Structures are given as structure tokens and as C-alpha cells.
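**Student:** First to last, the protein sequences are chains P and X.
Residues 1 to 402, numbered by the working numbering, are exactly what the first sequence covers, in order.
Residues 403 to 518, numbered by the working numbering, are exactly what the second sequence covers, in order.
For every residue, glycine included, the Cβ atom is placed at its ideal position computed from N, Cα and C.
Computed from a prediction, not measured in an experiment: that's the story for all the values here.
Quick one: structure below, then a few questions.
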Amino acid sequence: MPDNLEDAISEALSEATEGPIKILVVDDEVDLETLVLQKFRRRIRRNELVFDFAHNGQEAIEKLDVDDDIAMVISDINMPVMDGLALLKQLNETKPNIRSVIVSAYGDMNNIRTAMNRGAFDFVTKPIDFTDLEITIDKTLKHLALVREALSNRDQLVALSRELDVARDMQASVLPRSFPSTARYNTHGLMVPAKEVGGDFYDFVPLGEDKIGLAIGDVSGKGVPAALFMMACRTLLRSHALEGGRPDECLAYVNNLLAEDNESCMFVTLFYGVFDSVSGVFNYCNGGHNPPRVVHRGGQVAALPTTRDLALGVLPGHAFSQESLQLEAGDMLFFYTDGVTEAEGPGSEELGEERLDALLATLDDTSCDDVTSRVLDRVREFAAGNPQSDDITCVALRYLGG
Amino acid sequence: MATGSVLDFTTETEGDTTVVIPAGRIDGSTASPFQESLLKLIEGGKGSLVVDFENIEYISSAGLRVLLLAAKQLQAGGRKIVLCAMRDHIAEVFKISGFSEILAIHPTRQDAINAG
Chain P
1 MPDNLEDAIS EALSEATEGP IKILVVDDEV DLETLVLQKF RRRIRRNELV
51 FDFAHNGQEA IEKLDVDDDI AMVISDINMP VMDGLALLKQ LNETKPNIRS
101 VIVSAYGDMN NIRTAMNRGA FDFVTKPIDF TDLEITIDKT LKHLALVREA
151 LSNRDQLVAL SRELDVARDM QASVLPRSFP STARYNTHGL MVPAKEVGGD
201 FYDFVPLGED KIGLAIGDVS GKGVPAALFM MACRTLLRSH ALEGGRPDEC
251 LAYVNNLLAE DNESCMFVTL FYGVFDSVSG VFNYCNGGHN PPRVVHRGGQ
301 VAALPTTRDL ALGVLPGHAF SQESLQLEAG DMLFFYTDGV TEAEGPGSEE
351 LGEERLDALL ATLDDTSCDD VTSRVLDRVR EFAAGNPQSD DITCVALRYL
401 GG
Chain X
403 MATGSVLDFT TETEGDTTVV IPAGRIDGST ASPFQESLLK LIEGGKGSLV
453 VDFENIEYIS SAGLRVLLLA AKQLQAGGRK IVLCAMRDHI AEVFKISGFS
503 EILAIHPTRQ DAINAG
């Protein structure tokens with residue numbers, strides 16, 4: 001084998017695995033031991049390969065039982081006590097991660113077939129051609145390296161899914177557990193996390209008997225980083241909102257803190273509004289979020305005029321502005337994240353705002369908890385089994401009159 | 403699950419300006435490799451970076467974040483990012499999120515190159 005190819009393979013192998021690879025040679029001919037050590041002396045010296053020897057199947061099993069480092073077995077067929085085929089059968093059942101190569105007499109197709117059927121990875125014939133054996137060993141080890149890589153990817157997936165559970169728990173822990181309602185208004189909200197949790201959240205902020213603050217947000221990105229950013233955002237907003245801050249002031253406060261040293265460039269689209277249930281006035285500021293809807297009695301639906309503000313965490317010092325909306329008795333405000341409108345149906349078509357508005361128009365007299373579940377039903381019906389790729393959040397508030 | 407799909411893109415150069423023309427969807431699964439490619443291009447170039455959206459069908463918030471990172475990186479070296487040729491629904495995403503206020507967006511690639 002040319003040196004450069006040999007080097008390339010051993011480099012690839014040592015990258016995929018750590019330390020030398022251990023091979024157990026099983027043969028009752030004691031001379032083979034000396035031959036193997038002689039033929040592979042360079043690779044043994046370079047600490048790429050280590051050989052161990054057994055003289056029959058039984059001895060091989062005993063060595064394998066105590067030595068987890070053995071990655072490959074090269075075995076003769078005809079041996080006393082336990083032959084190579086019996087060894088293969090046991091290996092296949094108890095050590096599925098070990099690859100074995102069988103050494104058989106030239107032309108002994110019966111035994112070779114039996115060996116392959118019992119899970120041998122490859123075979124070489126006697127008398128052993130060491131160049132051929134080396135190629136076979138390298139082929140086997142390369143295969144093993146691939147298997148190991150696949151296993152490590154799987155382990156990473158398992159770790160990742162645990163991380164997803166953490167993100168899901170964090171998200172669930174901050175969602176409102178009850179939905180404020182008085183004689184003048186009622187509310188409802190729901191959030192269905194995607195498999196890979198995004199950073200959606202919503203919040204009701206109690207502001208005395210007459211007023212209530214309502215926030216909905218969507219953090220860029222997914223998983224634990226998004227969940228952490230979301231929690232920071234919610235806590236900062238709450239701390240300022242509870243002091244009775246105006247929506248535009250609250251968003252400016254949160255933005256400045258989130259934008260400071262924000263190396264990751266993570267951001268959150270955040271809508272925050274304060275509803276005064278005595279006057280029916282809703283003051284709000286929209287930091288880059290999908291415009292909520294107002295649904296009037298009779299089924300007219302309108303998007304809340306945007307305040308043309310930027311998502312939070314992007315630009316420190318951004319000056320936010322505020323809009324105001326006068327609600328009439330019976331009007332409903334509907335808030336959502338893009339998991340609703342960007343839900344994909346067959347053929348990658350999105351649900352879209354038009355379909356959402358068409359549904360909302362029929363819900364002008366529906367209770368808030370029914371509104372949120374009807375929207376969720378519509379999203380699921382539209383998706384028709386397509387996997388949910390983003391969190392779905394919707395919140396409704398109905399003004400009953402002052 | 404983010405499967406690490408790759409976003410196909412081609413690049414052209416116009417003087418010192420690098421023009422990137424991605425195609426498809428910039429979403430949770432393509433954003434991260436796209437980010438790596440963009441930052442490499444920025445590192446290897448010296449002028450402005452134009453991102454041509456002509457063949458982009460969808461951009462998620464993860465995609466917007468990549469553009470922010472690129473903008474920050476470029477600004478640190480006194481360079482610019484210029485976007486162009488967005489379809490209406492893509493332009494809407496930039497408008498709603500407010501990003502159209504902080505990122506330069508032009509109707510055509512030539513306008514963007516001239517502005518860069």
C-alpha cells in the first residue's frame with residue numbers, strides 16, 4: 001500500500017477515534033502472532049493499531065468480556081474448543097458493535113457463506129496475503145468510524161431533545177395560569193409550543209381594578225437561548241409595566257437593556273398595550289410585532305395601526321411611539337404570533353392574514369376562550385398534518401362595556 | 403428539528419462590492435449555515451455586501467438575525483450591508499419588524515450596488 005494513502009487513511013481514522021484501535025486475532029497457529037506483529041510493526045509503532053491474540057473461540061470470548069477496547073476481531077474458522085463460526089454467532093448476539101473478519105481456506109464457499117450469514121463483516125483467504133489483510137482491516141475500521149460517528153450524532157440528538165424539554169418547561173413556567181376577567185372585560189390566551197420550542201410568550205399585567213396590561217412577543221431563534229431571552233424580556237417588561245409605565249416607555253426600557261452588549265443579535269418582536277376598562281381606551285406600542293386585530297360586532301376586522309417601531313434588542317436608544325384605540329362595547333382585540341399566519345398547509349402555502357381575518361370576522365360574538373381554540377383548530381385544519389414548525393400563540397380580550 | 407439544511411446561494415463581485423444571491427428559505431434550519439457563509443464572505447472581502455432577495459421565498463426571524471449580525475460585523479469595519487429586490491411579502495416582514503428602518507433596502511440590484 002502506498003505510504004500517502006496509508007497516511008491519509010490513518011489520519012482519517014485517528015480523527016474519528018481516539019487512541020489506537022485494538023484488534024483481536026483468533027487463530028490456533030501460534031506463528032501468526034509473530035507474523036502480524038512483524039507486518040504491522042510500523043502502524044503499531046505509530047500507535048494506530050494494537051493487537052491482542054487468542055487461540056480459540058472460547059479464549060476470544062473471555063478476552064472480549066473483560067476488554068471493552070477491542071473494536072475488531074479477525075478469526076480463523078477451524079480451531080479447537082470453539083471454532084470461528086460459533087464465535088461469530090456469539091459475537092453477533094452479544095457484541096453487536098464489534099466487526100469481525102473471517103479467515104478461511106481459499107474456495108471454502110460454504111464456510112464463508114455461513115460466516116457472512118452470521119454477521120461477519122468481510123473475509124480473507126489463506127494463506128494470508130498481508131496487503132489484502134491490511135486493506136480489509138482499514139475498510140472495516142473506516143466502517144466502524146462511520147458507525148461511531150453516527151452513534152455520537154444520535155447522542156447529540158438525545159442531548160438536544162433534553163435541552164428542548166428545558167426550553168419547553170421554561171416557556172410553560174412563565175405563561176399566565178389564569179385569565180383576568182371582570183364585569184367589563186374578559187380574556188383568554190393559549191400557546192402551543194413547536195417541537196423545537198420557539199420563543200413565544202404572552203402576559204397579562206394586573207394594573208388595579210380598572211386597567212390591565214397585555215403583552216405578546218416572539219423571540220428570534222429557538223431552544224434554550226430563545227427561552228432565556230424570552231424570560232429576560234418578560235421579567236424586564238413586567239417590572240416596568242407593574243409600575244404603571246406607558247407602553248412606549250416600557251418598550252424603550254426593555255429595549256435598552258436587551259440591546260446592551262447584545263452580541264448574539266437576538267431580538268424580540270414585542271407588543272404591549274394597556275386597556276382601560278372604564279373608558280374603553282387601549283394604548284399600545286408595537287415593537288415590530290404582527291399587528292393585532294380589532295373585531296367589531298357585526299364582523300368587521302381591522303389591523304391595529306402600527307406604531308412603526310423596531311423589534312427590541314436591536315438598536316439601543318430607539319425612541320418608541322404610542323397609539324391609542326377607542327373600543328366600543330362588544331369589540332374584541334385579538335393578538336397572535338406568526339406561528340398562526342405562517343402555518344403551512346399542503347404545498348407550502350401559508351395560512352396567511354386573509355384567512356385569519358376571514359375566520360375572526362365570524363367570531364365577533366364568540367367568547368374569548370372559544371375564539372382562541374377556534375383559531376387553533378383552523379390552523380390545525382389548514383396544516384392538515386404538516387408538522388408545526390413554530391410556536392402558535394393567540395390571545396383575545398373582549399370589552400363588555402364600561 | 404433543525405436539520406441543518408443548506409441555503410443555496412451564488413456570489414458575484416462588482417468592484418469591491420460582494421453580491422450574494424441566496425435562493426429559497428432563510429429559516430431556522432438554513433440560517434446558521436447561511437450566517438457562517440456570510441461572515442466568511444465579509445471577512446474575506448473589503449467593500450459593501452449586497453444581499454439580493456430576488457430568489458428568496460421566505461425569511462423567518464432567525465434569518466433577520468443573521469442579517470443583523472452581518473450588518474454589525476460590516477459596520478465595525480466601516481462597511482455597509484444593502485438589501486434589494488424583495489418580493490412584497492418579504493418586504494412586509496422587514497416593515498412589520500421595523501428592520502426596514504435600520505437596513506438599507508433598494509428595489510433593484512443595480513440600485514443596491516450604487517448605494518453600497
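For Ala252(P), which three-state DSSP category applies?
**Tutor:** Sequence index remark: in the first sequence, residue 252(P) carries index 252 (1-based). Ala252(P) falls in the helix class under three-state DSSP.
**Student:** Is any beta-carbon of chain X found at less than 8 Å from that of Ala407(P)?
**Tutor:** The structure shown does not extend to residue 407(P), since chain P is modelled only from 1 to 402, so the question has no answer here.
**Student:** Taking the alpha-carbon positions, what's the Ala105(P) to Thr94(P) distance?
**Tutor:** To locate residue 105(P), count along the first sequence from 1; it is residue 105. To locate residue 94(P), count along the first sequence from 1; it is residue 94. Rounded to whole angstroms, Ala105(P) to Thr94(P) spans 27 Å at the Cα level.
**Student:** Looking only at DSSP bridge pairs, what is Phe201(P) linked to?
**Tutor:** Taking the first sequence and counting its residues from 1, the one referred to as residue 201(P) is at position 201. Per DSSP, Gly217(P).
**Student:** Under 8 Å, with one C-beta from each stretch per pair, do the segment 146-161 of chain P and the segment 344-351 of chain P reach the 3-pair mark?
**Tutor:** Touching, no.
**Student:** Measuring straight from C-alpha to C-alpha, what distance separates Ser264(P) and Ser324(P)?
**Tutor:** Sequence index remark: in the first sequence, residue 264(P) carries index 264 (1-based). Sequence index remark: in the first sequence, residue 324(P) carries index 324 (1-based). Roughly 34 Å separates the two Cα atoms.
**Student:** Could you name the residues of chain X that Lys211(P) contacts, counting a contact when the two beta carbons are closer than 8 Å?
**Tutor:** For the purposes of this step, residue 211(P) is taken as residue 211 along the first sequence, with counting starting at 1. Under the 8 Å cutoff, chain X gives no residues; its nearest Cβ is about 27 Å from Lys211(P).
**Student:** Going by DSSP in three states, Glu15(P) sits in which element: helix, strand or coil?
**Tutor:** Position 15 of the first sequence, counted from the start, is the residue given in the question as residue 15(P). Summary for Glu15(P): the model assigns pLDDT 47, below 50, so the residue's position carries little reliability; its value from the coordinates is reported in the next sentence. DSSP places Glu15(P) in helix when its eight states are reduced to three.
**Student:** For Ser220(P), would you say it is in contact with chain X, using Cβ-to-Cβ distances shorter than 8 Å as the test?
**Tutor:** Walking along the first sequence from the start, residue 220(P) turns up at place 220. Output row for Ser220(P): interface = yes.
**Student:** Determine the burial state of Met72(P): buried for a count of at least 16 other Cβ atoms within 10 Å of its Cβ, exposed for fewer.
**Tutor:** By one-based count along the first sequence, residue 72(P) stands at place 72. With 16 or more other Cβ atoms within 10 Å, it is buried.
**Student:** According to DSSP, which residues form a beta bridge with Val127(P)?
**Tutor:** Residue mapping note: residue 127(P) aligns to position 127 of the first sequence, counting from 1. Residue identity check: residue 127(P) is Pro in the sequence provided, not Val. Pro127(P) is not bridged to any residue.
**Student:** If we cut at 8 Å on Cβ distances, does Leu466(X) have a partner in chain P?
**Tutor:** Taking the first residue of the second sequence as 1, we reach residue 466(X) at position 64. With 8 Å as the cut-off, Leu466(X) counts as an interface residue toward chain P.
**Student:** Taking only beta-carbon positions, decide if Arg308(P) is within less than 8 Å of chain X.
**Tutor:** By one-based count along the first sequence, residue 308(P) stands at place 308. Cβ-Cβ to chain X under 8 Å: yes for Arg308(P).
**Student:** Starting from the N-terminal side, write out each stretch of the beta strand (DSSP E) that is 3 residues or longer and does not extend beyond the segment 409-488 of chain X.
**Tutor:** Qualifying beta strand (DSSP E) stretches, in chain order: 410-416, 419-428, 451-454, 457-461 and 483-486.
**Student:** Does the distance from the C-beta atom of Gly518(X) to that of Thr419(X) stay below 8 Å?
**Tutor:** As a position in the second sequence, residue 518(X) is number 116, starting the count at 1. As a position in the second sequence, residue 419(X) is number 17, starting the count at 1. Contact flag set, yes.
**Student:** Less than 6 Å between C-beta atoms, sequence neighbours within five positions excluded: which residues of the same chain meet that for Leu310(P)?
**Tutor:** By one-based count along the first sequence, residue 310(P) stands at place 310. Excluding residues within five positions, the ones whose Cβ falls inside 6 Å are Gly288 and His318.
**Student:** So, under 8 Å CB-CB, Leu441(X) and Gln475(X) are touching, yes? Tell me the CB distance rounded to an integer number of Å.
**Tutor:** Residue 441(X) sits at position 39 when you count from the first residue of the second sequence. Residue 475(X) sits at position 73 when you count from the first residue of the second sequence. Confirmed, Cβ separation roughly 6 Å.
**Student:** By DSSP's criteria, Ala241(P) is part of a beta bridge. Which residues make up the other side?
**Tutor:** Here residue 241(P) corresponds to residue number 241 of the first sequence, with the count starting at 1. BP columns for Ala241(P) are empty, so no partner.
**Student:** Just the C-alpha distance for Asp65(P) and Leu91(P), rounded to the nearest angstrom, thanks.
**Tutor:** Your numbering for residue 65(P) matches position 65 in the first sequence. Your numbering for residue 91(P) matches position 91 in the first sequence. Distance between the alpha carbons of Asp65(P) and Leu91(P) is about 11 Å.
**Student:** In three-state DSSP terms, what is Gln90(P)?
**Tutor:** Here residue 90(P) refers to the residue found at position 90 of the first sequence. Helix.
**Student:** Near Gly19(P), which residues of its chain fall below 8 Å by C-beta distance, leaving aside the five closest residues on each side in sequence?
**Tutor:** Translated into the one-based positions of the first sequence, residue 19(P) becomes position 19. Result list for Gly19(P): Asn47, in chain order.
**Student:** Compile a chain-ordered list of the residues in the segment 485-507 of chain X whose CB is closer than 8 Å to at least one CB of chain P.
**Tutor:** Residues passing the 8 Å Cβ filter: Ile498, Ser499, Gly500, Phe501, Glu503 and Ile504.
**Student:** If I measure Cβ to Cβ from Ala150(P) and keep anything under 8 Å in the same chain, skipping five residues before and after, which residues do I get?
**Tutor:** What you label residue 150(P) is simply residue 150 of the first sequence in a count that begins at 1. Contacts found: none.
**Student:** With a threshold of 8 Å between beta-carbons, can Gly430(X) be considered close to chain B, or not?
**Tutor:** Any reference to chain B falls outside this structure, whose protein chains are P and X.
**Student:** Using the beta-carbon of each residue, which ones in chain X are nearer than 8 Å to Val295(P)?
**Tutor:** As a first step, residue 295(P) must be located in the first sequence, where it is residue number 295. Result: empty, since nearest Cβ-Cβ is about 20 Å, beyond 8 Å.
**Student:** Counting C-beta neighbours from all protein chains within 10 Å, is the total for Ser450(X) 16 or more, i.e. buried, or is it exposed?
**Tutor:** For the purposes of this step, residue 450(X) is taken as residue 48 along the second sequence, with counting starting at 1. Counting Cβ neighbours within 10 Å, Ser450(X) comes out buried, since at least 16 surround it.
**Student:** If the cut is a Cβ gap below 9 Å, which residues of chain X does Asn97(P) touch?
**Tutor:** Looking up residue 97(P) in the first sequence gives position 97. The contacting residues do not exist; Asn97(P) stays about 26 Å from chain X at best.
**Student:** CA-CA distance, Val484(X) and Ser462(X)?
**Tutor:** Residue numbering aside, residue 484(X) sits at position 82 when the second sequence is read from its first letter. Residue numbering aside, residue 462(X) sits at position 60 when the second sequence is read from its first letter. For Val484(X) and Ser462(X), the distance between alpha carbons rounds to 18 Å.
**Student:** If we count Cβ pairs, one from each stretch, closer than 8 Å, do we get three or more for the segment 455-473 of chain X versus the segment 216-228 of chain P?
**Tutor:** With a cut-off of 8 Å, the segment 216-228 of chain P and the segment 455-473 of chain X count as touching, because enough Cβ pairs lie within range.
**Student:** What is the C-beta distance between Asp122(P) and Val103(P), in whole angstroms, given that I count them as a contact (C-beta under 8 Å)?
**Tutor:** Stepping through the first sequence from its first residue, residue 122(P) is reached at position 122. Stepping through the first sequence from its first residue, residue 103(P) is reached at position 103. That belief does not hold up - the Cβ atoms of Asp122(P) and Val103(P) are roughly 10 Å apart, past 8 Å.
**Student:** Give me the Cβ distance between Ile207(P) and Gly244(P), rounded to the nearest whole Å; I'm assuming they're in contact under 8 Å.
**Tutor:** Start at 1 with the first residue of the first sequence, and residue 207(P) comes out as number 207. Start at 1 with the first residue of the first sequence, and residue 244(P) comes out as number 244. At residue 207(P) the sequence reads Leu, which differs from the Ile that was named. About 6 Å separates the two Cβ atoms, so the contact holds.
**Student:** Counting only C-beta atoms, is Cys368(P) closer than 8 Å to chain X at any point?
**Tutor:** Position 368 of the first sequence holds residue 368(P). Cβ-Cβ to chain X under 8 Å: no for Cys368(P).
**Student:** Along chain X, which residues have their Cβ under 9 Å away from the Cβ of Met191(P)?
**Tutor:** Position 191 of the first sequence, counted from the first residue, corresponds to residue 191(P). Chain X residues near Met191(P): none, gap ~16 Å exceeds 9 Å.
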